[in-house]
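> In my numbering, the protein residues as written are 170 to 459.
For every residue, glycine included, the Cβ atom is placed at its ideal position computed from N, Cα and C.
For clarity, every value in this text was computed on a predicted model and none was experimentally measured.
For reference, the structure I am asking about is given below.
Here is the structure:
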């Protein structure tokens, strides 16, 4: 098992997997609270244009994807604020335009091809370069700093924007910051999970953690733990079975969600029966006292 660490590209892939496992649920917990679970999927479509732009200009696709996806995320927030009956149509055009723009630009690039896009769409452990590790590490540090350092403010905004505004919080600024952080997370994860599947890693570990925990801090901690476990396990599995890591990671995450749900349901019923029994006992004692 440890022979996997003899390969430099696997060392880089496993490090990237850990960073993805931390950052994706850390942002996803806020998106789930805001009922914007598919936001990561939309950003992934837009980021594809950034990846292709990197090939076209000869720069690192990670950084161009960050820039383009951040602009796309800001556009999504502006549409959410000001878009009314036509907002969903505008978002659809943004998503599909991002995908189409990526395919167009990659074919205009002298060094790129549709095969290059596939590694970003579904992830590829062999393509994580030392430069990618540096970029992913810096971006992951930014994500962790925002999601943990501003957790109280972001939690308040995601729970109730009107209440947060009344308390004096800069709601729009925080919303934009969260959108940009989600965009950064997508680019952090695209090498390991892939742009088309990153949204699942942002949502599924959080959904699984919510089945077993109560309270924001415990849910966040368990979601990150699940994220790290499934990303590492999926990356190792993809190495031995020669399958895309993104698919392995997402399937494992869904499996963990199913297992926790199956275990949590009986426990929740048992807890409910204990509460009901205790309530009945209190009623009897009150009657006796009266």
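Is the beta carbon of residue 400 closer than 7 Å to that of residue 418?
Numbered from its first residue, the chain shown carries residue 418 at position 249. Numbered from its first residue, the chain shown carries residue 400 at position 231. Yes, these two residues count as a Cβ contact at 7 Å.
> Under 8 Å by Cβ, that's how I've got residue 277 and residue 343 pegged, so tell me the actual separation to the nearest angstrom.
The residue given as residue 277 occupies position 108 in the chain shown. The residue given as residue 343 occupies position 174 in the chain shown. Contact doesn't hold; Cβ gap of about 38 Å is too wide.
> Report all residues from its chain with a CB closer than 6 Å to the CB of residue 377; omit the five preceding and five following residues, and keep chain order.
As a first step, residue 377 is located in the chain shown; it is residue number 208 there, counting from the start. 395, 425, 426 and 429, listed in sequence order.
> To the nearest whole angstrom, what separates the beta carbons of residue 241 and residue 352, a pair I think is in contact under 8 Å?
Sequence index remark: in the chain shown, residue 241 carries index 72 (1-based). Sequence index remark: in the chain shown, residue 352 carries index 183 (1-based). Correct: roughly 7 Å between the Cβ atoms.
> The alpha helix (DSSP H) with residue 344 in it runs from where to where?
Stepping through the chain shown from its first residue, residue 344 is reached at position 175. Unbroken alpha helix (DSSP H) run through residue 344: 340-358.
> Tell me whether the beta-carbon of residue 313 lies closer than 7 Å to the beta-carbon of residue 185.
The sequence position of residue 313 within the chain shown is 144, counting from 1. The sequence position of residue 185 within the chain shown is 16, counting from 1. Cβ distance not < 7 Å, so residue 313 and residue 185 don't count as in contact.
> Given 8 Å as the limit, is there contact between the region 228-238 and the region 211-219, that is, 3 or more CB pairs closer than that?
Segments in contact, yes.
> Check residue 207 in the structure and name its three-state DSSP category.
On the chain shown, position 38 is the one that residue 207 refers to. If DSSP states are grouped into helix, strand and coil, residue 207 belongs with coil.
> Excluding sequence positions up to five away, which residues of its chain have a Cβ less than 8 Å from the Cβ of residue 324?
Locating residue 324 in the chain shown gives position 155, counting from the first residue. 199, 202 and 385.
> Can you tell me which of 294, 295, 265 and 194 puts its alpha carbon nearest to the alpha carbon of residue 367?
For the purposes of this step, residue 367 is identified with residue 198 of the chain shown, where counting begins at 1. Closest by alpha carbon: 194.
> DSSP three-state call for residue 276: helix, strand or coil?
Here residue 276 refers to the residue found at position 107 of the chain shown. Note: residue 276 maps to helix in three-state DSSP.
> Measuring CB to CB, does residue 340 end up less than 7 Å from residue 348?
By one-based count along the chain shown, residue 340 stands at place 171. By one-based count along the chain shown, residue 348 stands at place 179. No, these two residues do not count as a Cβ contact at 7 Å.
> Is the beta carbon of residue 363 sitting closer than 7 Å to the one on residue 291?
As a working mapping, residue 363 is identified with position 194 in the chain shown. As a working mapping, residue 291 is identified with position 122 in the chain shown. Closer than 7 Å, so yes.
> In angstroms with no decimal places, state the Cα-to-Cα distance between residue 249 and residue 331.
As a working mapping, residue 249 is identified with position 80 in the chain shown. As a working mapping, residue 331 is identified with position 162 in the chain shown. Using only the alpha carbons, I get a separation of about 15 Å.
> Would you tell me roughly how many angstroms separate the C-alpha atoms of residue 375 and residue 407, rounded to the nearest one?
Translated into positions along the chain shown, residue 375 becomes position 206. Translated into positions along the chain shown, residue 407 becomes position 238. The alpha-carbon atoms of residue 375 and residue 407 are separated by roughly 23 Å.
> Using a Cβ-Cβ cut-off of 6 Å (strictly less than) and excluding sequence neighbours within five positions of residue 403, which residues of its own chain qualify?
Start at 1 with the first residue of the chain shown, and residue 403 comes out as number 234. If we look at residue 403 and ignore the five residues flanking it on each side, its Cβ neighbours are 414, 417, 418 and 421.
> Which residues in the same chain have their Cβ closer than 7 Å to the Cβ of residue 423, if we skip the five residues on either side of it in sequence?
Within the chain shown, residue 423 is the residue found at index 254, counting from 1. Only 373 meet the Cβ criterion.
> Near residue 389, which residues of its chain fall below 6 Å by C-beta distance, leaving aside the five closest residues on each side in sequence?
Along the chain shown, read from residue 1 onward, the residue named residue 389 stands at position 220. 198, listed in sequence order.
> Taking the alpha-carbon positions, what's the residue 336 to residue 300 distance?
In the chain shown, the residue the question calls residue 336 occupies position 167. In the chain shown, the residue the question calls residue 300 occupies position 131. So the two alpha carbons sit approximately 43 Å from each other.
> Any idea what DSSP makes of residue 176, helix, strand or coil?
The sequence position of residue 176 within the chain shown is 7, counting from 1. Reduced to three states, the DSSP call for residue 176 is coil.
> Compare the C-beta of residue 212 with all C-beta atoms of chain B and state if any pair is closer than 7 Å.
In summary, chain B is missing from the structure at hand, where a single protein chain is found.
> Applying the 10 Å Cβ sphere with the 16-neighbour rule, what's the burial state of residue 318?
As a working mapping, residue 318 is identified with position 149 in the chain shown. Residue 318 is exposed by the Cβ-count criterion.
> Straight-line CA distance for residue 410 to residue 174?
Taking the first residue of the chain shown as 1, we reach residue 410 at position 241. Taking the first residue of the chain shown as 1, we reach residue 174 at position 5. Going by the C-alpha atoms only, they are around 16 Å apart.
> Nearest to residue 307 by alpha carbon, out of 356, 263 and 322?
By 1-based counting over the chain shown, the position of residue 307 is 138. Of the candidates 356, 263 and 322, the one whose C-alpha sits nearest the C-alpha of residue 307 is 356.
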